[in-house]
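Data block below; observations after.
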């Protein structure tokens, strides 16, 4: 289930972002990205809707997911146009 960005307090949102960064692992790009830069990048992606906040009913946890991955999980649209 998608969770609106406005539903999380700033402290809760910071915790979700921190957890996401830690799970993503080490940055092996040409230049190492600072932790603060990663937080800002994720925050901008959340603001644009490129990353979704998702509540997993089975695991009863909140995580972040790319919009592309979120759309893959959505059931197909069977409504007629």
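Numbering (the numbering used here), first residue to last: 160 to 240.
The C-beta atom is built at its ideal place from N, Cα and C for all residues, glycine as well.
As the structure is a prediction and not an experimental result, all values here were calculated from the model.
*asked:* So, with DSSP's three-state summary, where would you put residue 189?
replied: coil
*Return the chain-ordered list of same chain residues with a C-beta closer than 6 Å to the C-beta of residue 160, the five sequence neighbours on each side being excluded.*
214
*asked:* Quick check: what's the CA-CA separation for residue 193 versus residue 203?
replied: Cα to Cα, the separation comes out at about 15 Å.
_Since residue 209 and residue 226 should fall inside the 8 Å C-beta cutoff, what is the C-beta to C-beta distance between them, to a whole number of angstroms?_
5 Å
*Straight-line CA distance for residue 221 to residue 174?*
The alpha-carbon atoms of residue 221 and residue 174 are separated by roughly 10 Å.
*Whose C-beta lies closer than 6 Å to the C-beta of residue 231 among residues of the same chain, with five residues either side of it excluded?*
none
_Nearest residue (CA-CA) to residue 181, options 197, 229 and 212_ = 197
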